[in-house]
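> Quick note on numbering: the UniProt record's numbering labels position 263 of the sequence shown as 263, and the sequence is numbered without any gaps.
This is the structure I want to talk about, given as structure tokens.
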Amino acid sequence: MVQPTATRASTDPRPPFVRNAWYIAALRSECGERMLARSVLGVSVTLLRTRSGRMVALRDRCTHRGYPLSEGTLGPDDVITCGYHGFRFDAEGACLSVPGQSGVPGGSDLRSFPTAENGPFVWIWMGDPALADPAEIPAETGFGDPSFRFVSGHVVIDAGHTLIADNVLDLSHESFIHATKIGSREVAETGITSESDEKRWLVRASRVMRDVECPPTYRERTGLRSPIDREQHISFFVPSLYVLDVMVVAAESQHDPATGPRRPYLGKVVYGLTPQSEKRTHYFFAIGRDYAQDDPQMDAAVHEGQLCLIDEDAYAVAVLQRLADEEGPMPEVSTRLDTAALIARRMLARRLRAETR
Ligand code: FES
Ligand SMILES: [Fe+2]
């Protein structure tokens, strides 16, 4: 069985991360006129918006002695001055001048990384720039669909990204980890169907529940009461983008057609699981809904509720990360509900191998 990268032996020659892929690097709202420092796939980058409004990502280590450029200054002419000894760079990363001499030494330019803006996020491409095509960012996020209103945020989790992928791909944990919010016993009791699309590095999994309990969070947000019909449809783009389409609606079995059609409540749960390092992960989220569109109180409740859910998951995966660090990998027993997570692990291993060929 393929083991998570977090528990691979350090002698493994494969690079621990897929690099030729779009990763979410920041919320667009974080990126203004100041340089933002962020570690992505173990690499320090700085994100900045030029005067003309273009997003730029540069290696955040000065080529002189490695001081972070994000500790320096960004001038009104988009010139970055290193805060240590004064190397100056333009927004493309080209070194313009160094102190104490007229010429610029070879190798002084900074590496720059392709970026894209899509939905509430800034995305970054850490691999071969020639392969970066923003059109490949999946449309399944729903960011282009005006019927969804999104609330977004970002936290950092003390666990490797593969442990978090396991978590979000097996939603039976909702019945236990999130029992007081979005879980009900039926989630863990209902089987899933799964499929994969190797060309898109995509794993899909679906769970369809009928006549089930309406969990507290859905009761509060929609006014629905048990029983409900409930669906979960996951699309996971290996290695890092997760989209969950959810639907809750009054149970058909209880519905009186004379009262008109049932109103389904649709939601989108988008996660960007971007490794900060092998054992820490940026957890970007955008939660969409097709109801209560102009309700700032609902925005706040969704944002707060999502942070609480992530907190519950973060505790579990951090425990697993700590145990993996202390004890190394252990043999696992898997069930049918693990199918999507196992497909994703194998796909990640193939994608890593494909990059090293
Ligand atoms: S480290 Fe940047 S100028 Fe010296
Ligand atoms: Fe969870």
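Heads up, the beta-carbon is just placed ideally off N, CA and C, and yes, glycines get one too.
1. Take M298 and list the residues in its own chain whose beta-carbon comes closer than 6 Å to its own, dropping the five residues that flank it on each side.
2. Between which residues of its own chain and residue 359 is the CB-CB distance below 6 Å, once the five residues before and five after are set aside?
3. According to DSSP, simplified to helix, strand and coil, what is A314?
4. When we look at the beta-carbon of H161 and count the other beta-carbons within 10 Å, is it buried (16 or more) or exposed?
5. What residue does the beta strand (DSSP E) around H233 start on, and which one ends it?
6. For D211, I'd like the list of residues in its chain whose CB is within less than 6 Å of its CB, leaving aside the five on either flank, ordered along the chain.
7. Among residues of its own chain, excluding the 5 on either side of S184, which ones have a beta-carbon nearer than 7 Å to its beta-carbon?
8. Could you tell me which residues DSSP puts in a beta bridge with residue 359?
9. Mind listing, in chain order, the residues whose beta carbon lies closer than 7 Å to a non-hydrogen atom of ligand 1?
10. Regarding I177 and ligand 2, is the C-beta to nearest heavy atom distance less than 7 Å?
11. Just to confirm, does N167 get its C-beta within under 7 Å of one of the non-hydrogen atoms of ligand 2?
12. Within 10 Å of its beta-carbon, does G191 have 16 or more other beta-carbons around it, so buried, or fewer, so exposed?
13. Taking R273 as part of the beta strand (DSSP E), name the residues at either end of that continuous run.
14. I think L58 touches S112, with their Cβ atoms under 8 Å apart; what is that distance to the nearest whole Å?
15. Find out if the Cβ-Cβ distance for the pair K279, A159 is shorter than 8 Å.
16. Closest to A341 by C-alpha separation, out of V208, V203 and P120, would be which residue?
17. Can you find a heavy atom of ligand 2 that lies under 7 Å from the Cβ of E174?
18. Give the straight-line distance between the Cα atoms of H303 and L110, rounded to the nearest whole angstrom.
19. So, K268 versus T217, is the Cβ gap smaller than 8 Å?
20. Start and end of the beta strand (DSSP E) containing V122?
21. Quick check: what's the CA-CA separation for R350 versus K199?
22. Buried or exposed: R65, going by 16 or more other Cβ atoms within 10 Å of its Cβ?
23. Pull up the distance between the alpha-carbon of T281 and that of S102, whole angstroms please.
24. Could you spell out where the beta strand (DSSP E) holding N118 opens and where it closes?
25. Could one say the Cβ of D325 lies closer than 8 Å to chain B's Cβ atoms, at least one of them?
26. For the alpha helix (DSSP H) that contains I157, what are its first and last residues?
27. Would L307 be called buried (16 or more neighbouring beta carbons within 10 Å of its own) or exposed?
28. Nearest by alpha-carbon distance to Y242: which of A258, S206 and T141 is it?
29. Let's test the definition: count the other Cβ atoms within 10 Å of the Cβ of L352 and tell me whether it reaches 16, buried, or not, exposed.
30. In whole angstroms, give me the CA-to-CA distance for M247 and V270.
31. Apply the 10 Å Cβ neighbour rule to V319 and answer buried if 16 or more other Cβ atoms are within range, or exposed otherwise.
Quick answer:
1. Beyond the five residues adjoining it in sequence on each side, M298 comes within less than 6 Å, by CB distance, of A292 in the same chain, given in chain order.
2. As shown, the chain starts at 1 and ends at 357. That puts residue 359 outside it, with no answer to give.
3. Looking at A314 - three-state DSSP - the assignment turns out to be helix.
4. Counting Cβ neighbours within 10 Å, H161 comes out buried, since at least 16 surround it.
5. I228 to F237 is the span of the beta strand (DSSP E), which, as asked, contains H233.
6. Cβ neighbours of D211 beyond the five flanking positions: P227, A251 and S253.
7. Cβ contact annotation for S184 (same chain, cutoff 7 Å, sequence separation greater than five): S175, V212, E213 and P215, in chain order.
8. The displayed coordinates of the chain run from 1 to 357. Any statement about residue 359 would go beyond what the structure contains.
9. Ordered along the chain, the selected set is C62, H64, R65, G66, Y67, C82, Y84, H85, G86 and F87.
10. At a cut-off of 7 Å, the beta-carbon of I177 counts as near ligand 2: some heavy atom of the ligand is closer than that.
11. In this structure, N167 has its CB closer than 7 Å to one or more heavy atoms of ligand 2.
12. By the neighbour-count rule (16 or more Cβ atoms within 10 Å), G191 is not buried but exposed.
13. Just to set this straight, residue 273 is Leu in the shown sequence, not Arg. Element bounds for L273: Y265 to S277.
14. Contact flag correct, Cβ pair sits at about 5 Å.
15. Annotated as proximal: K279 and A159, with beta-carbon spacing under 8 Å.
16. The option with the nearest alpha carbon to A341 is V203.
17. When distances are taken from the beta-carbon of E174 to the heavy atoms of ligand 2, the shortest one is below 7 Å.
18. CA-CA distance, H303 to L110, rounds to 37 Å.
19. Not closer than 8 Å, so no.
20. Where V122 is concerned, the enclosing beta strand (DSSP E) stretches over F121 to W125.
21. One C-alpha to the other measures close to 12 Å.
22. Burial is judged here by how many other beta carbons sit within 10 angstroms of a residue's own beta carbon; R65 has fewer than 16 and is exposed.
23. When rounded, the separation of the alpha-carbon atoms in T281 and S102 is 43 Å.
24. Start and end: T115 to N118.
25. The structure shown contains no chain B, having only a single protein chain.
26. Under the DSSP assignment, I157 falls outside any alpha helix (DSSP H), being part of the beta strand (DSSP E) whose first and last residues are R149 to I157.
27. The Cβ neighbour count for L307, taken over all protein chains shown within 10 Å, is under 16; the residue is labelled exposed.
28. In this structure, T141 is the residue among A258, S206 and T141 with its C-alpha nearest to the C-alpha of Y242.
29. It is buried - the Cβ of L352 has at least 16 other Cβ atoms within 10 Å.
30. In this structure, the CA atom of M247 is about 15 Å from the CA atom of V270.
31. Under this definition V319 is an exposed residue.
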